[in-house]
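Numbering (my numbering), first residue to last: 10 to 111.
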Amino acid sequence: MASGYLRNQGFVIRATNYRTRSGEIDIVALDEMTLVFVEVRFRSHPATLAEYTVDRTKQRKLWKTAAHYLRQHPWDGDVRFDVIAINGAALEHYQDAFRGNE
C-alpha cells in the first residue's frame with residue numbers, strides 16, 4: 010500500500026526492506042532529486058496511532074541503516090526521512106519526519 014502510494018505521488022522506488030545488522034529501512038525512494046528513507050508503520054485497530062510508534066531508538070536505527078545504505082550507494086544530493094502511517098485504511102505521509110530530532 011505504501012509503495013503504491015509513493016509511486017502515485019511520483020516517487021521512484023529504489024529498494025524495499027533494506028536490511029543490515031543495525032536495522033531495516035522499509036522503502037528507499039527518490040522524490041525528484043531527494044533520496045528518501047521511508048519508515049512504514051501499520052496499525053489495524055490503533056490503540057496508539059502508528060505515527061507515534063517511531064521513537065528515538067527507532068530513529069537511531071534508521072539513521073545507522075541509512076548511513077550503511079549511503080556507503081553502499083553513494084549519493085551527493087539531499088536526503089530525508091519520511092514516515093508513512095497506516096491506521097486501519099487511512100494513510101498519512103509525514104515528510105521530513107525527523108527534522109529537529111538529529
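Glycine included, every Cβ here is placed at the ideal spot set by N, Cα and C.
Helix, strand or coil at residue i according to DSSP, with G and I counted as helix
i	result
H82	coil
A24	strand
R16	helix
Which residues DSSP lists as bridging residue i, in chain order
i	result
N96	R52 and A99
F107	DSSP output for F107 lists no bridge partner at all.
L39	V21 and L44
T29	G32
Cβ neighbour criterion (16 or more within 10 Å) applied to residue i
i	result
E101	exposed
V45	buried
V92	buried
E48	buried
A106	buried
Discussion item. With a threshold of 8 Å, are at least 3 pairs of Cβ atoms found where one atom belongs to the segment 14-21 and the other to the segment 70-81?
Written reply: Contact check between the segment 14-21 and the segment 70-81: fewer than three CB pairs, one atom from each, fall below 8 Å, which does not count as touching.
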